[in-house]
Amino acid sequence: MSSFPSAIGKPINDQPDLDLLYFQPYAPKYLEKQIFQFLRSQLPFYRVQYKIRRGGMETEIKTPSNRARYTTVFGLDETSRFDDDGQVVDAQSGQPCSRDRCYAKYPPRPIPKCLNDLRLSTEAATGCKFNFCLVNYYASGSDSISYHSDDEKFLGELPAIASFSFGAKRDFLMKHKPVAPNDNAPLLSETKPIKLPLASGDMILMKGKTQSSKGSRLRLLEDFESHS
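Sequential numbering from 1 applies to the sequence shown in UniProt numbering.
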């Protein structure tokens, strides 16, 4: 993967708090189909299901079966690492970590070589560091993800997220989060939603304040076809 990226990243920063680098493409043609086939056939995907707590009440969230994406995750945050036997240990002491209840069903796993090679290439091309990999599989045009931000506390204050697309072209949409009225804060000029047509092998690097101020989503397509 030493030939990555195939194109120079295009900066997109013409809106407040927007800091993107758009590669069209990042992965060369001779590799993007191979990567797509590997990801689709070799990774252990599962349906998204999680719990949220609001107002002291815990609610189980299940994505609708007709639109649910498949997902899988690899890697750890900087406080932990994998030892030679693949067990999760404290990054400094090397002592075994207690199993988090969130990972009782899907324990942390090392990043597969294919994805790790892509991670190392991305780090070299962008100057950013990455330690966690989430892969979503949208099996058909009915699968999608709604507007959201990857701004969880464990990601840090200004996380850098490299979002790759492999397979059929899908529209990647972004818009500003609603801002609560504040008499002491200056009003932001109205900004338009952003639509980026992600083709197979493309990558968007989101950094700076992008996650704290913007929400993104993958749009539903009526005529969606997977790569063959």
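For glycine and all other residues, C-beta sits at the position ideal for the given N, C-alpha and C.
For residue i, count neighbouring C-beta atoms within 10 Å of its own C-beta (all shown protein chains included) and say buried if the count is 16 or more, exposed if not.
| i | result |
| --- | --- |
| residue 79 | exposed |
| residue 41 | exposed |
| residue 134 | exposed |
| residue 14 | exposed |
| residue 138 | buried |
| residue 124 | exposed |
| residue 8 | exposed |
| residue 167 | buried |
| residue 162 | buried |
Along the chain, where does the beta strand (DSSP E) containing residue i start, and where does it finish?
| i | result |
| --- | --- |
| residue 204 | 203 to 206 |
| residue 175 | 170 to 176 |
| residue 143 | Unbroken run through residue 143: none, as it is neither H nor E. |
| residue 85 | Neither: residue 85 is in no beta strand (DSSP E) and is coded neither H nor E. |
What are the start and end residues of the alpha helix (DSSP H) that includes residue i?
| i | result |
| --- | --- |
| residue 117 | 113 to 126 |
| residue 81 | Not the alpha helix (DSSP H): residue 81 falls in the beta strand (DSSP E), residues 80 to 82. |
| residue 196 | Here residue 196 belongs to no alpha helix (DSSP H); instead the beta strand (DSSP E) covers 194 to 198. |
List the DSSP bridge partners of residue i.
| i | result |
| --- | --- |
| residue 18 | Note: residue 18 sits in no beta bridge, so no partner. |
| residue 160 | DSSP output for residue 160 lists no bridge partner at all. |
| residue 133 | 74 |
| residue 23 | 203 |
What is the DSSP secondary structure of residue i, counted as helix, strand or coil?
| i | result |
| --- | --- |
| residue 8 | coil |
| residue 30 | helix |
| residue 36 | helix |
| residue 218 | The predicted model places residue 218 with a pLDDT of 46, which falls under 50 and marks its position as unreliable; any figure quoted below should be read in that light. Here residue 218 sits in strand by DSSP. |
Kindly indicate if chain C contains any beta-carbon less than 7 angstroms away from that of residue i.
| i | result |
| --- | --- |
| residue 10 | Absent here is chain C; the protein component of the structure consists of one chain. |
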